[in-house]
């Protein structure tokens, strides 16, 4: 569960990114966060990942109070979250397989488990046949699916996707969101930040709109659908 | 704790980084080798100076001439007073008769000319004194001169001052040079790490997001520093070995006016162990220390 209560974030240069935000996302939800650039979406994500601390208010993710979490506990916390970025952030000189395995190797996972999990994840995102390719040999949509496999491989309970379709052809964007949708059906909470309203409209999900650091609308379509 | 497979992976990453940035790795190894060669040369030079100084010190005797006509009791007092200065290795009494004989011996065949003086020997009785620490020679001589019954002291104070000066110069100069070189080595290693961090910023960023601990992120860099230090140490050791032996054989075949130096040359094997351990310790220390220090600066983990 993600819980923002009265969260304000003011950066050292004086910019107020978020003002008195209250937002609760339950386990298993799929939430779109929309808003124009500079509205505070990125700050919202940074607070969820504990890249930034709130200036005031509390941020609770998976029962961790992030404002009070000591530095040494951050790595373990982040292993419970998968992150996907607009620019994929794959390592260019590593194969698709190694890119996914990387997330396990650097978190002290036994080799046996790596060999078991990575092929499974690649199959899940439909890229089993491209395991040996380098990222540059793949299309944008495929690269993003590799990134998604990497985000999923540590079995997180929450996926945060920061404009995951921003660098992908519109027809392939649907595929990515659809994949997120499928993952959500397995019980994983999804928070997807986007400014592509067309895409949001195709999926009947909860939409949180942020403008100038404030939540201006929260259409809980997902709950209505239940 | 960290798994063996993870450990192997991280070590491999460190090695891979060296190869990926091979130009910079080569530069740091080169500078480290240069630093160690200079340090090693300074040490060998000072070892040789010490050996030479030791040789000269062994030769440095002072002769204490006594007033005429002292009895045995008085002489014993003087001997005790000389020993009491605390800078004396050995005291040997040379009677006026023995003094004359030695003088005649030293002159050689013509010494026979002094035969006539045996009955009217004007030489004073003396003590031949071996000095322990030559750097305190002037003080010791002054102390002995102040003893009642001592007529005069003849000692190589000029040589002693020169030796002491050389010793101090080598020591201070060596320390300054070694200090500067260590700082330079640290800066070079730091720069290499900085470049590696930059070239790996994507990976480091991803490592942070997937929840790698600080230790996991740092480990490959420490391995990198360690290996660069080790390679430099071993290379510097063998280069110095070869270079010193070359120098040694050259000076032995061309001794010229340096005959004293040649006969007191320190063989490489007598300092080899210390040098190797010093290089290994220094190389690994600088490598790891450089990595650790500059990593925290550049890696905001």
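Residue numbers (our numbering), protein chains in the order written: chain E, 14 to 239; chain X, 39 to 339. Idealized CB from N, CA, C, for every residue including glycine.
The straight-line gap separating the alpha-carbon atoms of residue 69 of chain E and residue 96 of chain E is approximately 25 Å. The C-beta of residue 167 of chain E comes closer than 8 Å to at least one C-beta of chain X. Residue-level contact check: residue 254 of chain X touches chain E, since one or more beta carbons of chain E fall below 8 Å from its beta carbon. Our two residues, residue 167 of chain E and residue 116 of chain E, have alpha carbons roughly 7 Å apart in a direct line. Looking at the DSSP output, residue 166 of chain X sits in a beta bridge with X/101, X/130.
Counted as a single uninterrupted DSSP element, the stretch harbouring residue 284 of chain X is not any beta strand (DSSP E) but the alpha helix (DSSP H) occupying residues 252-291. Under the Cβ criterion of 8 Å, residue 74 of chain E is not counted among the residues facing chain X. Here residue 189 of chain X carries a strand assignment [DSSP, helix/strand/coil].
For residue 239 of chain X, no Cβ of chain E is located within less than 8 Å of the residue's own Cβ.
When rounded, the separation of the alpha-carbon atoms in residue 156 of chain X and residue 176 of chain X is 34 Å. Under the DSSP assignment, residue 200 of chain X falls in the alpha helix (DSSP H) whose first and last residues are 195-237. Your pair residue 277 of chain X and residue 67 of chain X does not check out as a contact, with CB atoms roughly 12 Å apart and the cut at 8 Å. Minimum Cα-Cα distance from residue 164 of chain E among the listed residues E/210, E/102, E/212, E/217 corresponds to E/102. Shown here, residue 323 of chain X sits in a helix according to DSSP, grouped into three states.
At least one CB of chain E lies nearer than 8 Å to the CB of residue 251 of chain X. Pairing residue 227 of chain X with residue 120 of chain X gives a Cβ-Cβ distance that is not under 8 Å. Burial check for residue 218 of chain E: the Cβ neighbour count within 10 Å reaches 16 or more, so the residue is buried. Against residue 245 of chain X, the close residues of chain E are 119, in the order they occur along the chain (beta-carbon pairs closer than 7 Å). Taken atom to atom, the span from the alpha-carbon of residue 145 of chain X to that of residue 152 of chain X is near 10 Å. Residues 93, 94, 95 of the same chain have their beta carbon placed closer than 6 Å to that of residue 169 of chain E, with the five preceding and five following residues left out of the count. In this chain, residue 95 of chain E is not harboured by any alpha helix (DSSP H); it is covered by the beta strand (DSSP E) spanning 94-97. In this chain, the alpha helix (DSSP H) harbouring residue 180 of chain X covers 175-183. DSSP lists E/31 as the bridge partner or partners of residue 22 of chain E. Counting other Cβ atoms within 10 Å of its Cβ, residue 317 of chain X reaches 16 or more and is therefore classed as buried. With a threshold of 8 Å between beta carbons, residue 248 of chain X makes contact with chain E. Assigned with DSSP and collapsed to three states, residue 55 of chain X falls in helix. Judged by pairs of C-beta atoms under 8 Å, the region 103-122 of chain E touches the region 141-149 of chain E, as three or more such pairs exist.
Shown here, residue 77 of chain E sits in a strand according to DSSP, grouped into three states.
In the three-state reduction of the DSSP assignment, residue 129 of chain E falls in the helix class. Within 8 Å of the CB of residue 116 of chain E, the CB atoms of chain X belong to 244, 248, in sequence order along the chain. With contacts defined by Cβ atoms closer than 8 Å, residue 329 of chain X and residue 260 of chain X form a contacting pair. Between the region 31-46 of chain E and the region 197-209 of chain E, the count of Cβ pairs shorter than 8 Å is three or higher; the stretches touch. Taking the C-beta atoms as reference points, residue 182 of chain X is found nearer than 8 Å to residue 188 of chain X. In the structure shown, residue 43 of chain E falls within a strand segment according to DSSP collapsed to helix, strand and coil. With a threshold of 8 Å between beta carbons, residue 289 of chain X makes no contact with chain E. Flagged as an interface residue toward chain E: residue 44 of chain X, by a C-beta distance shorter than 8 Å.
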